[in-house]
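K.L.:
Have a look at the structure that comes next, please.
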Amino acid sequence: MKSNGLCIKKKPLKSARHVIKYLGRYTHRIAISNARIVKYEDNRVTFKFKDYKDNNKLKDMTLDGTEFFRRYMFHVLLKGFMKIRHYGFLGNSKKEDRMAAIRTATNTPDPGSLTIIPEEIISGLIKRDVTICIVCRQKRHHQLE
Numbered sequence: 001m002k003s004n005g006l007c008i009k010k011k012p013l014k015s016a017r018h019v020i021k022y023l024g025r026y027t028h029r030i031a032i033s034n035a036r037i038v039k040y041e042d043n044r045v046t047f048k049f050k051d052y053k054d055n056n057k058l059k060d061m062t063l064d065g066t067e068f069f070r071r072y073m074f075h076v077l078l079k080g081f082m083k084i085r086h087y088g089f090l091g092n093s094k095k096e097d098r099m100a101a102i103r104t105a106t107n108t109p110d111p112g113s114l115t116i117i118p119e120e121i122i123s124g125l126i127k128r129d130v131t132i133c134i135v136c137r138q139k140r141h142h143q144l145e
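This is how it looks when you write it as structure tokens:
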């Protein structure tokens, strides 16, 4: 594949399933799976790891339980942080400006502010006006006891 110096272009993935698998490897991987933990004895954890400095050989490492836990916690995100962020036109920085440009380019009118009225949504879902009382058939609500 050719590169223009700014990015590396790759062939597209075969299907949506391939895209999900590809992203899943990076976004939803846990710090260590149970299959990699070999044993736990006397507060010491032995686990398998890939040694990239030694030709990607699979090796065992034994750590004190406290050190193992310390290293594990490096993979836990702090409160308020997210693994995946939106970039491109979905990013938060100047989102309204970009959305306006996209609407102009696609000749799409601005929908304006979205007002959600729960009664309308529920009425649409159950195919009847929920503002009308099913007992007296009047357009008001009654407190049920």
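Taking full-length UniProt numbering as reference, the numbering of the sequence shown is continuous, increasing by one, and the terminal residue is 145. Every residue, glycine too, gets a C-beta built ideally from N, C-alpha and C. On a predicted model such as this, the values are computed, not experimentally measured, just so you know.
Measuring CA to CA, which of His18, Phe68 and Asn55 is closest to residue 146?
P.N.:
Examination of residue 146 is not possible in this model, given that the chain is present from 1 through 145 alone.
K.L.:
Along the chain, where does the alpha helix (DSSP H) containing Phe68 start, and where does it finish?
P.N.:
Gly65 to Met73
K.L.:
Determine, using beta carbons only, whether Asp97 and Arg103 come nearer to each other than 8 Å.
P.N.:
no
K.L.:
For Phe47, is the classification buried or exposed, using 16 other Cβ atoms within 10 angstroms of its Cβ as the cut-off for buried?
P.N.:
buried
K.L.:
Could you tell me the alpha carbon to alpha carbon distance between Met73 and Asn34, rounded to whole angstroms?
P.N.:
16 Å
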